[in-house]
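Below is one structure; the comments refer to it alone.
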Amino acid sequence: MMRKIMIIALGALVAVSAASYSHAQDEISYSGSSTIGMSVLEAGALAAFEKKTGIKFKSVEMPGSGKGIKALVEGKVTIAGASRSLEAEEKKQKLLGHTIAYDAIAVFVNKENPVKNLTKEQLKKIFTGEIKNWKEVGGKDAA
Numbered sequence: 365m366m367r368k369i370m371i372i373a374l375g376a377l378v379a380v381s382a383a384s385y386s387h388a389q390d391e392i393s394y395s396g397s398s399t400i401g402m403s404v405l406e407a408g409a410l411a412a413f414e415k416k417t418g419i420k421f422k423s424v425e426m427p428g429s430g431k432g433i434k435a436l437v438e439g440k441v442t443i444a445g446a447s448r449s450l451e452a453e454e455k456k457q458k459l460l461g462h463t464i465a466y467d468a469i470a471v472f473v474n475k476e477n478p479v480k481n482l483t484k485e486q487l488k489k490i491f492t493g494e495i496k497n498w499k500e501v502g503g504k505d506a507a
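Each residue of the sequence shown is one higher than the last, beginning at 365 in the working numbering.
As structure tokens, then:
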């Protein structure tokens with residue numbers, strides 16, 4: 365079942381590139397998210413996809429979502445994978461995207477931490493470095 369899901373997801377990725385290229389492709393090159401690359405492209409789906417379609421993957425690179433999208437825009441690859449939504453500048457490129465999965469993310473803190481709830485906005489600020497101390501979200505001063 366999992367293999368079938370991976371092949372379907374891989375097919376969805378191929379659909380993204382097919383929409384942006386007018387000529388038939390004998391080879392596909394992928395660049396982008398390691399989340400997609402590791403879970404779909406390297407999990408045995410490549411061989412099954414190639415056997416079923418006859419289309420070969422020339423390369424699979426996982427430098428991250430932004431670099432993969434840039435490589436697609438520059439014509440260096442036929443498929444880009446992103447584990448995030450397109451950013452404003454990327455949307456201007458008129459790329460055609462297809463959601464193939466949603467990623468579950470969990471954040472854990474030490475049980476001694478008095479902070480019991482964080483909003484998505486607070487998490488974003490923590491991970492971008494805008495929030496630097498637990499006291500900014502109702503916790504103890506960590507300075």
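In this text, a Cβ means the ideal position worked out from N, Cα and C, and glycines have one as well.
Quick caveat: nothing in here was measured; it's all calculated off a predicted structure.
| query | G401: buried (16+ other C-beta within 10 angstroms of its C-beta) or exposed? | reply | What you label residue 401 is simply residue 37 of the sequence shown in a count that begins at 1. When all chains shown are included, G401 counts as buried.
| field | Length of the line joining the Cα atoms of V479 and E454 | value | Numbered from 1 along the sequence shown, position 115 holds the residue referred to as residue 479. Numbered from 1 along the sequence shown, position 90 holds the residue referred to as residue 454. V479 and E454: Cα-Cα distance of roughly 36 Å.
| query | Where does S423 fall in DSSP's three states? | reply | Here the question's residue 423 lines up with position 59 in the sequence shown. If DSSP states are grouped into helix, strand and coil, S423 belongs with the strands.
| said: Just to confirm the assignment, what range does the alpha helix (DSSP H) spanning G432 have? | reply: By 1-based counting over the sequence shown, the position of residue 432 is 68. Residues S429 to V437.
| task | Please report the residue range of the beta strand (DSSP E) in which A409 lies. | result | As a first step, residue 409 is located in the sequence shown; it is residue number 45 there, counting from the start. Premise fails: A409 is in no beta strand (DSSP E) and is neither H nor E.
| query | In whole angstroms, what separates the C-alpha of Q486 from that of A468? | reply | Along the sequence shown, one-based indexing puts residue 486 at 122. Along the sequence shown, one-based indexing puts residue 468 at 104. The alpha-carbon atoms of Q486 and A468 are separated by roughly 18 Å.
| query | Under the rule that 16 or more other beta-carbon atoms within 10 Å means buried, what is V471, buried or exposed? | reply | Residue mapping note: residue 471 aligns to position 107 of the sequence shown, counting from 1. When all chains shown are included, V471 counts as exposed.
| request: Could you tell me the distance, in whole angstroms, from the CA atom of A412 to the CA atom of G418? | output: As a working note, residue 412 is residue 48 in the sequence shown. As a working note, residue 418 is residue 54 in the sequence shown. The alpha-carbon atoms of A412 and G418 are separated by roughly 10 Å.
| task | Tell me whether K496 sits in a helix, a strand or coil according to DSSP, three-state version. | result | By one-based count along the sequence shown, residue 496 stands at place 132. Coil, per DSSP.
| Cβ-based neighbour list, I495, same chain, cut-off 8 Å, excluding 5 preceding and 5 following | Taking the first residue of the sequence shown as position 1, residue 495 is located at position 131. Excluding sequence neighbours, I495 sits near Q486, K489 and V501.
| query | Does the distance from the C-beta atom of A465 to that of S395 stay below 7 Å? | reply | By one-based count along the sequence shown, residue 465 stands at place 101. By one-based count along the sequence shown, residue 395 stands at place 31. No, these two residues do not count as a Cβ contact at 7 Å.
| query | Which residue comes first and which comes last in the beta strand (DSSP E) that contains A444? | reply | Counted from its first residue, the sequence shown places residue 444 at position 80. Residues I443 to G445.
| query | Could you give the C-beta distance for S397 and S449, rounded to a whole number, given that I count them as a contact under 8 Å? | reply | Against the sequence shown, residue 397 aligns to sequence position 33. Against the sequence shown, residue 449 aligns to sequence position 85. That pair is no contact at about 12 Å.
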